[in-house]
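Student:
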Amino acid sequence: MPKNYIARRIAKEFKDGMYVNLGIGIPTESANYIPEGTRVFLQTENGGLMFGPKPKRGESNPDIANAGAEPITMLPGGAVFDVATSFAMIRGGHIDMTVVGALEVDEAGNIASWKIPGKLLTGMGGAMDLLYGCKRVIVAMTHTDKHGNPKIRKKCTLPLTAAGVVDMIITDKAVFRVDKDGLYLEELAPGVTAAEIEQLTEGTILNIIEWEHIEIT
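All residue numbers for the sequence shown refer to our numbering, where the first residue is 242 and numbers rise by one.
What follows is the structure, encoded as C-alpha cells:
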C-alpha cells in the first residue's frame, strides 16, 4: 500500500480539540487528511502550532516549515515560537498525542528510531522528549524494511529511543494496539490476510484470528 494510505489512517485518530505533534516523514502527511469538521491543533517541535495541509505549489512561505524543513500552511489563530517554548509544551505534558516514525518497535512498546550501528545519522533530536512527554504515542511506519525484514520485533535489536511508551502502531498492512501484555491486531489493510501479518511480524500477536478490514473513504 502507498505511504499516503498510512497518513490517511493516522488522521482517523485525530479527535476534535486534540493537540497533536507530527514527526518527520509519513506522520506529517496526515495533516493533509484531517477529517472534515474536526479541529485539531497540530504542533511542530521546531516551533509552530495550528498548522494545516501542505501549501499549493507556488504558495509556500519560506519562513514557515515543519521539523522536516517542509513548507506548511498556518491556520487562522496559529502561532510560531521558539524551540524552548515548543519543548516546554512537550515536556510539560500539554500535547495529547504524538505520531512518529521508527526503525523498529517491539511487543513491549519499546521503540528504536535514531541509530543504526555503523551508519552516520543526525542523532535522536526531540524524539525522546516527545515519546515521554506526550500523553499518547502512535508509531507510523512501513511494516517491513527495504529488505522485507519485520520492523515489529519480539525485542528491538537497535538502540532504544524510549522504553514501553508506544500505544499504537500503524503500518501499510495493519494497525496494532500495544497493551501491557503485548500486541493486539486491530485492523488489516484491504487485501492483507491475518496469515500474512503473522508471517511478517516477529512480535507475538495475541489475537491473530480477530481482525477486520480498514475502511478508508
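Here a beta-carbon is modelled for each residue, glycine too, at the ideal position from N, C-alpha and C. All values derive from a computational prediction rather than experimental measurement.
Could you pull the DSSP bridge partners for Asp347 from this structure?
Tutor: What you label residue 347 is simply residue 106 of the sequence shown in a count that begins at 1. In the DSSP output, where bridge partners are listed per residue, Asp347 has Arg394.
Student: Could you tell me if Ala353 is buried or exposed, where buried requires 16 or more neighbouring beta carbons within 10 angstroms of its beta carbon?
Tutor: Stepping through the sequence shown from its first residue, residue 353 is reached at position 112. Ala353 should be labelled buried.
Student: Please work out which residues of its chain come closer than 7 Å, Cβ to Cβ, to Thr461, disregarding the five sequence neighbours upstream and downstream, and give them in chain order.
Tutor: No statement about residue 461 is possible, as the shown extent of the chain runs from 242 to 458 and does not include it.
Student: For Arg418, report the span of its beta strand (DSSP E) as first-last.
Tutor: The residue labelled residue 418 in the question sits at position 177 within the sequence shown. From DSSP, the beta strand (DSSP E) with Arg418 extends over Ala415 to Asp420.
Student: Here's the rule I'm using: 16 or more other beta-carbon atoms within 10 Å means buried, otherwise exposed. How should Gly289 be labelled?
Tutor: Along the sequence shown, one-based indexing puts residue 289 at 48. Gly289 comes out buried.
Student: Quick one: is Gly318 buried, meaning 16 or more other Cβ sit within 10 Å of its Cβ, or exposed?
Tutor: Start at 1 with the first residue of the sequence shown, and residue 318 comes out as number 77. Exposed: under 16 other Cβ atoms inside 10 Å.
Student: Which same chain residues, not among the five before or five after Gly405, have their C-beta less than 8 Å away from its C-beta?
Tutor: Counting from one through the sequence shown, the residue named residue 405 turns up at place 164. Cβ within range, chain order: Ala349, Gly350 and Asn351.
Student: Would you mind sorting Lys414 into buried or exposed? The rule is 16 or more other CB atoms within 10 Å of its CB.
Tutor: What you label residue 414 is simply residue 173 of the sequence shown in a count that begins at 1. Flag for Lys414 reads buried.
Student: Taking Ile357 as the reference, give the member of Glu270, Ala343 and Pro303 with the closest Cα.
Tutor: Taking the first residue of the sequence shown as position 1, residue 357 is located at position 116. Closest option to Ile357, Cα to Cα, is Ala343.
Student: Just confirm the distance between the C-beta atoms of Asn307 and Thr285, as a whole number of angstroms; I'd bet it's less than 8 Å.
Tutor: Working through the sequence shown from its first residue, we reach residue 307 at position 66. Working through the sequence shown from its first residue, we reach residue 285 at position 44. That pair is a contact at about 4 Å.
Student: Give the C-beta separation of Gly309 and Ile265 to the nearest angstrom, bearing in mind that I take them to be a contact with Cβ-Cβ under 8 Å.
Tutor: Here residue 309 is taken as the residue at index 68 of the sequence shown, counted from 1. Here residue 265 is taken as the residue at index 24 of the sequence shown, counted from 1. With a Cβ gap of about 4 Å, Gly309 and Ile265 count as contacting.
Student: Secondary structure at Arg298, three-state DSSP: helix, strand or coil?
Tutor: As a first step, residue 298 must be located in the sequence shown, where it is residue number 57. Coil.
Student: If you follow the alpha helix (DSSP H) that Gly374 is in, where does it begin and where does it stop?
Tutor: By one-based count along the sequence shown, residue 374 stands at place 133. Residues Ala368 to Gly374.
Student: Tell me Ile410's beta-bridge partners as DSSP assigns them.
Tutor: The residue you call residue 410 lines up with position 169 of the sequence shown. For Ile410, which the question treats as bridged, DSSP gives the partners Val380 and Phe417.
Student: What are the start and end residues of each continuous beta strand (DSSP E) run of 3 or more residues lying completely inside the region 260-348, in chain order?
Tutor: You should have 260-263, 282-285, 289-292, 315-321, 338-341 and 345-347.
Student: Only counting the same chain, and skipping five residues up and downstream in sequence, which positions put a Cβ closer than 8 Å to that of Met259?
Tutor: Residue 259 sits at position 18 when you count from the first residue of the sequence shown. Closer than 8 Å at Cβ, skipping near neighbours: Val281, Phe282, Asp337 and Met338.
Student: Buried or exposed, going by whether 16 or more other CB atoms sit within 10 Å of the CB of Leu362?
Tutor: For the purposes of this step, residue 362 is taken as residue 121 along the sequence shown, with counting starting at 1. Flag for Leu362 reads exposed.
Student: Compute the Euclidean distance between the alpha carbons of Gly359 and Leu401, then round it to the nearest angstrom.
Tutor: Residue mapping note: residue 359 aligns to position 118 of the sequence shown, counting from 1. Residue mapping note: residue 401 aligns to position 160 of the sequence shown, counting from 1. Taking the straight line from one Cα to the other gives about 16 Å.
Student: Go through its chain and collect everything with a Cβ distance to Phe322's Cβ below 6 Å, but skip five positions before and after it.
Tutor: Here the question's residue 322 lines up with position 81 in the sequence shown. So the qualifying residues of the chain are Gly288.
Student: CA-CA distance, Glu427 and Ile411?
Tutor: In the sequence shown, counting from the first residue as 1, residue 427 sits at position 186. In the sequence shown, counting from the first residue as 1, residue 411 sits at position 170. If I take the Cα positions, the gap works out to 10 Å.
Student: According to the Cβ coordinates, are Thr434 and Lys395 closer than 8 Å?
Tutor: Reading the sequence shown from its first residue, position 193 is the one you call residue 434. Reading the sequence shown from its first residue, position 154 is the one you call residue 395. Contact flag unset, no.
Student: Check the C-beta distance from Pro294 over to Ala381 and give it rounded, since I have them as a contact under 8 Å.
Tutor: One-based indexing of the sequence shown puts residue 294 at position 53. One-based indexing of the sequence shown puts residue 381 at position 140. Contact flag wrong, Cβ pair sits at about 17 Å.
Student: For Gly367, collect the residues of the same chain with a Cβ closer than 6 Å to its Cβ; drop the 5 residues on either side in sequence, then sort them by chain order.
Tutor: Walking along the sequence shown from the start, residue 367 turns up at place 126. Excluding positions up to five away in sequence, the list reads Glu286.
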